[in-house]
Amino acid sequence: MATERPRDPGILEREEQLAKVPFLRGLTMEGLSLLAQVATEETHATGTVLFKYGDPGDKLFIIVEGKVRISREVAGMGEEALAVLGPGSVFGELALLDDSTRSADARAHERCRVLVITKVDFDDLLFLHKDLAYEVLWSCVRMLSSRLRETNDKLTFLSTTGKF
Numbered sequence: 058m059a060t061e062r063p064r065d066p067g068i069l070e071r072e073e074q075l076a077k078v079p080f081l082r083g084l085t086m087e088g089l090s091l092l093a094q095v096a097t098e099e100t101h102a103t104g105t106v107l108f109k110y111g112d113p114g115d116k117l118f119i120i121v122e123g124k125v126r127i128s129r130e131v132a133g134m135g136e137e138a139l140a141v142l143g144p145g146s147v148f149g150e151l152a153l154l155d156d157s158t159r160s161a162d163a164r165a166h167e168r169c170r171v172l173v174i175t176k177v178d179f180d181d182l183l184f185l186h187k188d189l190a191y192e193v194l195w196s197c198v199r200m201l202s203s204r205l206r207e208t209n210d211k212l213t214f215l216s217t218t219g220k221f
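Counting in my numbering, the sequence shown tops out at residue 221, every number present.
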């Protein structure tokens, strides 16, 4: 009689963390488990640069604790913060999807703990598990639609207030 191997407690903890991420709400428990198996955890001190504008897009990040600032350097003005993201936020996903370089800087706004999924692992998972690829696709569509709506709202506000 075969016995079931005990599951790695680190993977179980990552599954629980991933289940709380709004971006991943549409994934099945099996999909979350597959992602948890390839995710690694990193801790970063305040001010640590996670990536810079123009860097290769080789990782997706999910914030477990703390905050990360997404920003761009504006000539003559310095750093322009685009967003300060907290627990449950996903960032760095665009470069994974379209093979482009980073479109902004990411820096630990305060001490943070993040889950990281590399592009190689992400691509392999989606290639081997078509159902997961479908689930992730729809999660991406929902997230990008939401971000587009937010951008439209900001542009409308700026144009109507004369600040654009």
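By construction, the Cβ of each residue, glycine as well, lies at the ideal position given by its N, Cα and C atoms.
- Report the residue ranges of all beta strand (DSSP E) runs contained in full by the stretch 123–157; include only those spanning at least 3 residues, in chain order. 125–131 and 135–142
- First and last residue of the beta strand (DSSP E) that includes D162? D162 to A165
- Item | Inter-residue CB distance, V121 and Q74 (contact presumed, cutoff 8 Å) | 5 Å
- Task: Could you round the C-beta distance between R164 and T105 to whole angstroms and report it? I think they count as a contact, below 8 Å.
- Result: 7 Å
- Which residues mark the beginning and the end of the alpha helix (DSSP H) in which V177 is found? K176 to L185
- Message: Please list the terminal residues of the continuous beta strand (DSSP E) segment that includes V95.
- Response: Premise fails: V95 lies in the alpha helix (DSSP H), M86 to V95, not in any beta strand (DSSP E).
- Task: For the beta strand (DSSP E) containing L107, list its first residue and its last residue.
- Result: V106 to F108
- Task: Would you please state the rounded distance, in angstroms, between the beta carbons of G123 and C169? I believe it to be under 8 Å.
- Result: 3 Å
- Query: Which word fits E130, buried or exposed, when buried means at least 16 other C-beta atoms lie within 10 angstroms of its C-beta?
  - Reply: exposed
- Message: For D112, which residues in the same chain have their Cβ closer than 8 Å to its Cβ, ignoring the five residues on either side in sequence?
- Response: T158 and R159
- Item | Residue from L92, E87, R199 and G135 with nearest C-alpha to V173 | L92
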